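Novice: Chains as they are written, first to last, in my numbering: chain A, 459 to 697; chain B, 459 to 697.
Please see the structure below; I have some questions.
Protein chains: 2
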Amino acid sequence: MAKNAVPEEQRRRRRPTKQGTVLTHDLIVDTALRMLREHGAQGFTARRLGLALGADASALYRYFAGLDELTRAIADELMHRAMTGWTPGGEWRADLRDLGLRIHAAYLAHPQAAVLAASRVSGRAHEIAADEAILGVLRDAGFPDPAAVRVYHAFVDQALAFAALDAASLALPVEAREADEAVWQATYARLPAETHPNIAATARLLSARMNASAYPAALDLLLAAAAAERGAGEGPAQA
Amino acid sequence: MAKNAVPEEQRRRRRPTKQGTVLTHDLIVDTALRMLREHGAQGFTARRLGLALGADASALYRYFAGLDELTRAIADELMHRAMTGWTPGGEWRADLRDLGLRIHAAYLAHPQAAVLAASRVSGRAHEIAADEAILGVLRDAGFPDPAAVRVYHAFVDQALAFAALDAASLALPVEAREADEAVWQATYARLPAETHPNIAATARLLSARMNASAYPAALDLLLAAAAAERGAGEGPAQA
DNA sequence: ACCCTTACGTCAACGCGGTTGACGTTTGTC
DNA sequence: GACAAACGTCAACCGCGTTGACGTAAGGGT
Chain A
459 MAKNAVPEEQ
469 RRRRRPTKQG
479 TVLTHDLIVD
489 TALRMLREHG
499 AQGFTARRLG
509 LALGADASAL
519 YRYFAGLDEL
529 TRAIADELMH
539 RAMTGWTPGG
549 EWRADLRDLG
559 LRIHAAYLAH
569 PQAAVLAASR
579 VSGRAHEIAA
589 DEAILGVLRD
599 AGFPDPAAVR
609 VYHAFVDQAL
619 AFAALDAASL
629 ALPVEAREAD
639 EAVWQATYAR
649 LPAETHPNIA
659 ATARLLSARM
669 NASAYPAALD
679 LLLAAAAAER
689 GAGEGPAQA
Chain B
459 MAKNAVPEEQ
469 RRRRRPTKQG
479 TVLTHDLIVD
489 TALRMLREHG
499 AQGFTARRLG
509 LALGADASAL
519 YRYFAGLDEL
529 TRAIADELMH
539 RAMTGWTPGG
549 EWRADLRDLG
559 LRIHAAYLAH
569 PQAAVLAASR
579 VSGRAHEIAA
589 DEAILGVLRD
599 AGFPDPAAVR
609 VYHAFVDQAL
619 AFAALDAASL
629 ALPVEAREAD
639 EAVWQATYAR
649 LPAETHPNIA
659 ATARLLSARM
669 NASAYPAALD
679 LLLAAAAAER
689 GAGEGPAQA
């Protein structure tokens with residue numbers, strides 16, 4: 459654990475790095491996201507990040523107590539990107555569907571960061587804003603509090619779970635993905651019908667489906683169930 | 459990448475280690491699982507594994523080309539444990555529900571391994587057996603091939619996604635979990651009603667729900683949707 | 001204008017990680 | 001009894017996160 463916690467708000471003295479860059483929380487987070495995108499999870503190391511910033515790796519510790527805290531900041535930035543520009547439209551199902559797809563997309567745009575971030579509570583501004591928005595949509599739609607919390611919980615877990623899983627395969631280093639693909643072709647695609655009739659019969663369909671995400675369908679299921687629950691406690695279901 | 463791929467089947471010469479143990483693929487995998495369970499993800503290192511086996515870390519490379527391949531083997535062992543003792547009961551919904559919960563439980567029993575394994579295609583015997591079984595249940599129940607593949611895909615993705623997410627929070631090192639909990643208490647539980655009315659109003663409900671898994675509910679939703687799809691194409695839905 | 005506190009970038013080092021190549025010992029085969 | 005193959009061990013390489021000491025520049029107080 460680093461000793462140097464971060465005062466977090468006001469920084470006064472700014473000294474440029476040897477190569478001229480001026481460090482900032484935002485600059486570090488943005489650069490980390492770019493490196494994750496371009497070089498995969500193996501691009502997310504303190505030393506490489508320092509190199510990309512034109513600074514020594516140890517300079518990062520003046521801004522974040524460690525990679526763990528930097529990861530939280532990245533998670534929050536992803537949530538920020540997912541939420542910017544969103545406004546509630548007044549129809550809770552459409553609103554939630556929109557939010558779910560936004561979160562999923564934001565995480566998939568940075569798969570490596572998503573894997574790191576999905577299971578953490580960042581507790582930062584944008585994550586809180588997203589939670590507040592989701593709960594607001596549900597409560598404004600007339601869900602009683604316990605039901606709203608149930609749906610909220612399922613909704614968030616599902617979005618993060620699928621984001622993490624879908625992202626995980628994108629996040630793997632290239633060699634690992636190629637290895638997995640090769641393993642699949644070498645085994646599943648060649649299983650004899652005598653021992654594995656079901657796989658053999660559907661091999662072509664299976665292979666075509668391999669890289670699609672099941673999230674949109676799962677999201678619709680969840681919203682349908684929520685609508686039923688609301689309808690049951692509140693009068694006829696809507697839309 | 460290691461040069462020494464593994465002949466994989468017949469090994470002849472066996473030499474005990476300095477401390478007497480005789481290495482085996484199975485022994486290595488079992489020991490790795492035990493260490494993951496007892497010491498968390500930070501227990502899963504080649505050196506510690508070697509130490510626990512009473513062997514030099516480099517001895518592992520005679521059995522697995524690298525940690526990547528060892529991870530595949532662990533994933534397959536988890537699937538093995540999930541499937542042992544399972545037999546189809548003839549009612550597809552009950553069968554799939556049982557399988558889903560088994561897979562979820564097997565992964566959660568070794569959270570650290572689950573996180574590593576969920577996104578990989580192991581291509582080994584037990585993973586293939588599970589896939590064959592799932593497809594078999596669906597096709598025997600009368601699902602036409604494209605529908606069977608759709609449901610199979612959603613089912614597997616969902617089980618792995620929730621297993622990975624639920625496992626991820628268990629898999630975090632203790633300090634990280636405590637940090638997340640502290641962050642939650644320090645922020646969410648104290649948000650004023652003026653700025654975050656929805657979170658403030660439901661804070662107690664939210665906190666109580668924090669550590670429950672949403673998987674069983676999500677699984678039931680998926681099965682209901684599958685039943686509807688089958689019913690639509692095949693006559694009336696059953697059970 | 002001066003100092004002097006304080007922020008913060010840099011350097012060198014520590015311990016640990018995966019992985020490899022050379023080396024030596026055991027084992028089964030002929 | 002010789003030989004080849006299997007395989008455990010050793011030493012080393014390089015990269016990782018992190019830390020503590022050190023230098024240096026920016027601002028505020030006087």
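All C-beta atoms, glycine included, are put in the ideal place defined by N, C-alpha and C.
In this text, all values refer to a predicted model and were calculated from it rather than measured experimentally.
Looking at the unbroken alpha helix (DSSP H) that takes in H497/B, where does it start and where does it end?
Specialist: Within the second sequence, numbered from 1, the residue matching residue 497/B stands at position 39. That run of the alpha helix (DSSP H) goes 483-497.
Novice: Taking the alpha carbon of R530/A as the reference point, which residue from A510/A, R582/A, Q643/A has its own alpha carbon closest?
Specialist: For the purposes of this step, residue 530/A is taken as residue 72 along the first sequence, with counting starting at 1. The candidate whose alpha carbon is nearest that of R530/A is R582/A.
Novice: Determine the extent of the alpha helix (DSSP H) in which H562/B is found, giving its start and end residues.
Specialist: Position 104 of the second sequence holds residue 562/B. Element bounds for H562/B: 550-567.
Novice: Since I believe I532/A is in contact with L511/A (beta carbons under 8 Å), could you give me their beta-carbon distance rounded to a whole number of angstroms?
Specialist: Looking up residue 511/A in the first sequence gives position 53. Looking up residue 532/A in the first sequence gives position 74. Actually they do not touch by this definition, with Cβ atoms about 15 Å apart.
Novice: Taking 7 Å as the CB-CB cut-off, is I561/A touching chain B?
Specialist: Taking the first residue of the first sequence as 1, we reach residue 561/A at position 103. By this cut-off, I561/A is not an interface position.
Novice: Contact between the stretch 596-610 of chain B and the stretch 597-606 of chain A is defined here as three or more beta-carbon pairs at a separation below 8 Å; is this criterion met?
Specialist: Output reads no: the stretch 597-606 of chain A does not touch the stretch 596-610 of chain B.
Novice: Any C-beta of chain A sitting closer than 7 Å to the C-beta of F620/B?
Specialist: As a first step, residue 620/B is located in the second sequence; it is residue number 162 there, counting from the start. Yes, because at least one Cβ of chain A sits closer than 7 Å to the Cβ of F620/B.
Novice: Grouping DSSP H, G and I as helix and E and B as strand, with all else coil, what is F620/B?
Specialist: In the second sequence, residue 620/B corresponds to position 162, counting from 1. The answer is helix: DSSP assigns F620/B an H, G or I state.
Novice: Could you compute how far the alpha carbon of D514/A sits from the alpha carbon of A523/A?
Specialist: For the purposes of this step, residue 514/A is identified with residue 56 of the first sequence, where counting begins at 1. For the purposes of this step, residue 523/A is identified with residue 65 of the first sequence, where counting begins at 1. The straight-line gap from Cα to Cα measures roughly 15 Å.
Novice: L593/A and I657/B look like a contact to me (Cβ under 8 Å); what is the Cβ gap, rounded to whole Å?
Specialist: What you label residue 593/A is simply residue 135 of the first sequence in a count that begins at 1. What you label residue 657/B is simply residue 199 of the second sequence in a count that begins at 1. Contact holds; Cβ gap of about 6 Å.
Novice: If you draw a straight line from the C-alpha of L623/A to the C-alpha of Q643/A, how long is it?
Specialist: By one-based count along the first sequence, residue 623/A stands at place 165. By one-based count along the first sequence, residue 643/A stands at place 185. The straight-line gap from Cα to Cα measures roughly 21 Å.
Novice: Short of 7 Å Cβ to Cβ, which residues in the stretch 593-614 of chain A face chain B?
Specialist: Of all residues in the stretch 593-614 of chain A, L593, G594, R597, D603, P604, A606, V607, H611, A612 have a Cβ within less than 7 Å of some Cβ in chain B.
Novice: Report the CB separation of L494/A from E535/A in whole angstroms; it is logged as a contact under 8 Å.
Specialist: For the purposes of this step, residue 494/A is taken as residue 36 along the first sequence, with counting starting at 1. For the purposes of this step, residue 535/A is taken as residue 77 along the first sequence, with counting starting at 1. Wrong, their Cβ atoms sit about 11 Å apart, outside the cutoff.
Novice: Taking the beta carbon of Q616/A as the centre, do at least 16 other beta carbons fall within 10 Å, making it buried, or is it exposed?
Specialist: The count along the first sequence starts at 1 and reaches residue 616/A at position 158. The residue in question, Q616/A, is buried, as its Cβ has 16 or more Cβ neighbours within 10 Å.
Novice: My output table needs one value for R530/B: the three-state DSSP class, helix, strand or coil.
Specialist: Translated into positions along the second sequence, residue 530/B becomes position 72. It is helical.
Novice: When the cut-off is 7 Å and only beta carbons count, does G581/A lie next to chain B?
Specialist: To locate residue 581/A, count along the first sequence from 1; it is residue 123. Cβ-Cβ to chain B under 7 Å: yes for G581/A.
Novice: Note down, in chain order, each residue of its chain lying with its Cβ closer than 7 Å to the Cβ of H584/A, except the 5 sequence neighbours on either side.
Specialist: Within the first sequence, residue 584/A is the residue found at index 126, counting from 1. Closer than 7 Å at Cβ, skipping near neighbours: D534, M537, H538, M541.
Novice: Please state whether DSSP places E466/B in a helix, a strand or coil.
Specialist: For the purposes of this step, residue 466/B is taken as the residue at position 8 of the second sequence. Confidence in E466/B is poor, its pLDDT being 44 and thus under 50, which makes the residue's placement unreliable; the coordinate value appears in the next sentence. If DSSP states are grouped into helix, strand and coil, E466/B belongs with coil.
Novice: What span of residues does the alpha helix (DSSP H) with D598/A cover, start to end?
Specialist: Counted from its first residue, the first sequence places residue 598/A at position 140. It spans 583-598 - the alpha helix (DSSP H) in which D598/A sits, taken as one unbroken run.
Novice: Kindly indicate which residue of V641/A, P650/A, R555/A has the alpha-carbon position closest to the one of A675/A.
Specialist: If you number the first sequence from 1, residue 675/A lands on position 217. When only C-alpha atoms are compared, the closest one is R555/A.
Novice: Return the first residue and the last residue of the alpha helix (DSSP H) that L518/B is part of.
Specialist: Translated into the one-based positions of the second sequence, residue 518/B becomes position 60. Looking at the DSSP string, L518/B is not in any alpha helix (DSSP H), and its letter there is neither H nor E.
Novice: Closer than 7 Å by C-beta to L525/B: which residues in its own chain qualify, once you throw out the five before and the five after it? Chain order, please.
Specialist: The sequence position of residue 525/B within the second sequence is 67, counting from 1. Result list for L525/B: A504, in chain order.
Novice: Taking the Cβ atom as the reference point for each residue, do G558/A and L679/A lie within a distance shorter than 7 Å?
Specialist: To locate residue 558/A, count along the first sequence from 1; it is residue 100. To locate residue 679/A, count along the first sequence from 1; it is residue 221. Cβ distance not < 7 Å, so G558/A and L679/A don't count as in contact.
Novice: Just to confirm before moving on: does the CB-CB distance between R688/A and F601/A stay below 7 Å?
Specialist: Position 230 of the first sequence, counted from the first residue, corresponds to residue 688/A. Position 143 of the first sequence, counted from the first residue, corresponds to residue 601/A. Taking 7 Å as the Cβ cut-off, R688/A and F601/A qualify as a contacting pair.
Novice: Can you tell me which of the three DSSP states L680/A falls into?
Specialist: Here residue 680/A corresponds to residue number 222 of the first sequence, with the count starting at 1. In the structure shown, L680/A sits in a helix (DSSP, three-state: H, G or I).
Novice: In three-state terms, what does DSSP make of K461/B?
Specialist: On the second sequence, position 3 is the one that residue 461/B refers to. Any reading at K461/B must be qualified, since the residue scores a pLDDT of 39, below 50, and its modelled position is unreliable; the value itself is stated next. Of the three classes helix, strand and coil, the one that applies to K461/B here is coil, per DSSP.
Novice: Are the C-beta atoms of G693/A and some chain B residue less than 7 Å apart?
Specialist: Taking the first sequence and counting its residues from 1, one reaches residue 693/A at position 235. Note that G693/A scores 44 on pLDDT, short of 50, meaning its location in the model is unreliable; the coordinates nonetheless yield the value given after this. Answer no: the Cβ-Cβ gap between G693/A and chain B never drops below 7 Å.
Novice: Can R551/B and L681/B be called in contact, C-beta distance under 7 Å?
Specialist: Indexing the second sequence from 1 puts residue 551/B at position 93. Indexing the second sequence from 1 puts residue 681/B at position 223. It is a contact, given that the beta carbons lie within the stated cut-off.
Novice: By the three-class DSSP mapping on this structure, what secondary structure does F502/B have?
Specialist: Your numbering for residue 502/B matches position 44 in the second sequence. In the structure shown, F502/B sits in coil (DSSP, three-state: anything other than H, G, I, E or B).
Novice: Measuring straight from C-alpha to C-alpha, what distance separates R648/B and A685/A?
Specialist: Within the second sequence, numbered from 1, the residue matching residue 648/B stands at position 190. Within the first sequence, numbered from 1, the residue matching residue 685/A stands at position 227. In a straight line, the C-alpha of R648/B is about 31 Å away from that of A685/A.
Novice: Would you identify the three-state DSSP class for A697/B, choosing helix, strand or coil?
Specialist: On the second sequence, residue 697/B is found 239 positions in, with the first residue counted as 1. Confidence at A697/B is low in this model, with a pLDDT of 35, below 50, so its placement is unreliable and no value can be given for it.
Novice: Would DSSP call L507/B helix, strand or coil?
Specialist: Stepping through the second sequence from its first residue, residue 507/B is reached at position 49. In the structure shown, L507/B sits in a helix (DSSP, three-state: H, G or I).
Novice: Against chain A, which members of the stretch 538-552 of chain B pass a CB distance test of less than 7 Å?
Specialist: Taking 7 Å as the Cβ-Cβ cut-off against chain A, none of the residues of the stretch 538-552 of chain B qualify.
Novice: Thinking A651/A and H562/A are a contact (beta carbons under 8 Å), I'd like their distance in whole angstroms, please.
Specialist: Taking the first residue of the first sequence as 1, we reach residue 651/A at position 193. Taking the first residue of the first sequence as 1, we reach residue 562/A at position 104. Contact doesn't hold; Cβ gap of about 37 Å is too wide.
Novice: Which of the three DSSP states is assigned to A637/B in this structure?
Specialist: Reading the second sequence from its first residue, position 179 is the one you call residue 637/B. DSSP places A637/B in helix when its eight states are reduced to three.
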